[in-house]
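*Asks:* If you read the sequence shown in this note's numbering, its first letter stands for residue 1079, the second for the next number, and so on.
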Amino acid sequence: MNFSLSEKDEKLFERAKEFAKEHITPKAIELEKRNDFPKEVVQKAYEAGLMNLHIPKEAGGPGLSLFSETLVSEATGYGCAGIATSIMCNNLAFAPLVIGATIEQLKEYVEPLITGKDAKFGAFCLTERKAGSDAAGVATRAVRDGDEYVINGLKCFITNGPQASMFTVFASTQPELKHKGLSVFMVPKTKGVQMGHIENKLGQLNSVQSEVIFEDVRVPKNALVGKEGEGFKIAMMTLDKTRAGIAAIATGVAQRSLDEAAKFANIRHQFGQPIGRFQGISFLLADMGARTAASRHLTRYAAWLADQGHDNSKDSAFAKFFAADSAMQNAIDAVQIMGGYGYISEYPAEKLMRDAKLLQIYEGTNQVQRVVASGRILKESVNLDTGFKVKYDGQDAPIP
Ligand code: COS
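#1: Using a Cβ-Cβ cutoff of less than 7 Å, which residues in the same chain neighbour Pro1116 once the five nearest sequence positions on both sides are dropped?
#2: If we ignore side chains and look at the alpha-carbon of each, how far apart do Asn1408 and Ile1324 end up?
#3: Could you name each continuous alpha helix (DSSP H) segment of 4 residues or more that falls completely within the segment 1366-1439, going from the start of the chain to the end?
#4: Among Gly1194, Met1431 and Lys1341, whose alpha-carbon lies nearest the alpha-carbon of Val1331?
#5: Given Ala1201, which residues of its chain have a CB within under 6 Å of its CB, disregarding the five upstream and five downstream residues?
#6: Using only the alpha-carbon positions, how far apart do Ala1173 and Cys1167 sit?
#7: Secondary structure at Gly1354, three-state DSSP: helix, strand or coil?
#8: Which residues does DSSP list as the beta-bridge partners of Arg1334?
#9: Starting from the Cα of Glu1100, find the closest Cα among Leu1437, Gly1281, Lys1122 and Lys1111 and give me that residue.
#10: With hydrogens ignored, establish whether the beta-carbon of Asp1318 is closer than 7 Å to any heavy atom of the ligand COS.
#11: Say yes only if the C-beta of Tyr1379 is nearer than 7 Å to one or more non-hydrogen atoms of the ligand COS, and no if none qualify.
#12: Spell out a yes or no on whether the segment 1428-1444 and the segment 1356-1370 are touching, meaning 3 or more CB-CB pairs, one atom from each, closer than 8 Å.
#13: For the segment 1248-1256 against the segment 1218-1227, are there 3 or more C-beta pairs whose distance is under 8 Å?
#14: For Gly1442, tell me which candidate among Lys1208, Asn1278, Ala1395 and Asp1385 has the shortest Cα-Cα distance.
#15: Taking only heavy atoms of the ligand COA into account, decide whether any of them is closer than 7 Å to the Cβ of Asp1223.
#16: Going by alpha carbons, who is nearest to Gly1157 out of Ile1177, Thr1180 and Lys1105?
#17: For Leu1317, collect the residues of the same chain with a Cβ closer than 7 Å to its Cβ; drop the 5 residues on either side in sequence, then sort them by chain order.
#18: Buried or exposed for Gln1348, please, with buried defined as at least 16 other CB atoms from any protein chain shown within 10 angstroms of its CB.
#19: State the start and end residues of the unbroken alpha helix (DSSP H) segment that holds Gln1272.
#20: Just the C-alpha distance for Asn1130 and Gly1350, rounded to the nearest angstrom, thanks.
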């Protein structure tokens, strides 16, 4: 058991923190007034080697672990959750391909997007207007026509939609089979792919989400990832990994909320002393610190499990909902501690509060995370022997 980072990870974390300090934190408030994709910052992150970390070396990537990726997401999330989302969105778009595609497919579809001079983007297209939490309810269709598939459908809330040159599209090849009929395709920005409505959001204004419309889009049969019918499983396996990334951004937001609130509590004097000396404030800071530390541990453990090839469904759900709820609570407390200064946009707390809310919603709402986690807990408890022998209601009552 060793809680220290490896030398390589320590260096990566320091590099990402330095990057955030120089290029993200000082510019985030000004940049979000544009309510647009922060192109310059993301390009710099790409040039600094902070993007596409999990792409295997055989396909032109650095082949780093999910654990390493969470360090970068925490550091960039500390600076701005919206910019961190824009930077790490390729992780979500490419993860289904790393899971299900062949190396040849990765070389053809992903390598050109991660090895050029300029940053290029993928977009993960699962969600639809009528299929949010119920991901199996996807209505987008992919119909085989000779050596091609023809794709029709409308996706929404798609991060980096307008920026993307490749779309990872979940479409039904056999609707009557529900989730077992879902398949996943790599779709370049080609004829029939159009951008729809750009979503207007409360926070994370430094990231862009849009509708993406597929109208009679033809892709070759080798654009299929894995086999027909494997799409739902690949989506779930993807989210098991990437939810640790959201938890890492959330840990960054929780830490930043704590740091800004503590800094303020030290210098703000009322009734003749720094407000941090009042128990009403200091106890809030203690709780914020504990939540942040717990979020970080849950996040890194969930990522480490995945890197070891273990099932991390329950733990990535724990990390995602706990860290996102912690980010939200810490941001609310930071606003409260900073009083009037917490509520005005020249100071960082109100943006942290707006940004944190989305962490509880995207990549599976925190309620869905609790469904995933409790499902696993109940399953694991069926054969659990606590050593306490009793028959409940006079009979064993195992949950099937
Ligand atoms: N890894 C591998 N397979 C998994 C899995 C996982 N983590 N989770 C579920 N599966 C498999 C199940 O084993 C089951 O397989 P079989 O049909 O072979 O038995 C199948 O998938 C269906 O599982 P389940 O019945 O649990 O699916 P549900 O339709 O009930 O949905 C939830 C489960 C709600 C957890 C899922 O739809 C979900 O995560 N929704 C949120 C979607 C989301 O995060 N959207 C955000 C997009 S990115 S912004």
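All C-beta atoms, glycine included, are put in the ideal place defined by N, C-alpha and C. Please read these numbers as outputs of a predicted model, since none were measured by experiment.
*Replies:* Well, looking at it:
#1: By 1-based counting over the sequence shown, the position of residue 1116 is 38. If you ignore the 5 residues before and after Pro1116, its C-beta comes within less than 7 Å of the C-beta of Leu1109, Ile1161, Ser1164 and Asn1284, all in its own chain and listed in chain order.
#2: For the purposes of this step, residue 1408 is taken as residue 330 along the sequence shown, with counting starting at 1. For the purposes of this step, residue 1324 is taken as residue 246 along the sequence shown, with counting starting at 1. Answer to the nearest angstrom: the Cα atoms are 16 Å apart.
#3: 1391-1421 and 1427-1437
#4: Looking up residue 1331 in the sequence shown gives position 253. Minimum Cα distance to Val1331 is reached at Met1431.
#5: Taking the sequence shown and counting its residues from 1, the one referred to as residue 1201 is at position 123. So the list reads Ala1171, Ile1236, Asn1238, Gly1239, Ala1242 and Phe1245, once near-sequence residues are dropped.
#6: What you label residue 1173 is simply residue 95 of the sequence shown in a count that begins at 1. What you label residue 1167 is simply residue 89 of the sequence shown in a count that begins at 1. Computed Cα separation, rounded: 10 Å.
#7: Locating residue 1354 in the sequence shown gives position 276, counting from the first residue. Reduced to three states, the DSSP call for Gly1354 is helix.
#8: Position 256 of the sequence shown, counted from the first residue, corresponds to residue 1334. Answer is none; Arg1334 lacks a bridge partner.
#9: For the purposes of this step, residue 1100 is taken as residue 22 along the sequence shown, with counting starting at 1. The residue among Leu1437, Gly1281, Lys1122 and Lys1111 with its C-alpha nearest the C-alpha of Glu1100 is Lys1122.
#10: Your numbering for residue 1318 matches position 240 in the sequence shown. Indeed, a heavy atom of the ligand COS lies less than 7 Å from the Cβ.
#11: Stepping through the sequence shown from its first residue, residue 1379 is reached at position 301. No, Cβ of Tyr1379 sits at least 7 Å from all heavy atoms of the ligand COS.
#12: no
#13: With a cut-off of 8 Å, the segment 1218-1227 and the segment 1248-1256 count as touching, because enough Cβ pairs lie within range.
#14: Start at 1 with the first residue of the sequence shown, and residue 1442 comes out as number 364. Residue Ala1395 is the option with its Cα nearest to Gly1442.
#15: The model on display carries the ligand COS but not the ligand COA.
#16: One-based indexing of the sequence shown puts residue 1157 at position 79. Measuring from the Cα of Gly1157, the nearest candidate turns out to be Lys1105.
#17: Taking the sequence shown and counting its residues from 1, the one referred to as residue 1317 is at position 239. Only Glu1441 and Gly1442 meet the Cβ criterion.
#18: What you label residue 1348 is simply residue 270 of the sequence shown in a count that begins at 1. Classification of Gln1348: exposed, given that the 10 Å Cβ count is below 16.
#19: Here residue 1272 is taken as the residue at index 194 of the sequence shown, counted from 1. Per DSSP, Gln1272 belongs to no alpha helix (DSSP H); it is in the beta strand (DSSP E), Val1271 to Ile1276.
#20: Position 52 of the sequence shown, counted from the first residue, corresponds to residue 1130. Position 272 of the sequence shown, counted from the first residue, corresponds to residue 1350. Taking the straight line from one Cα to the other gives about 51 Å.
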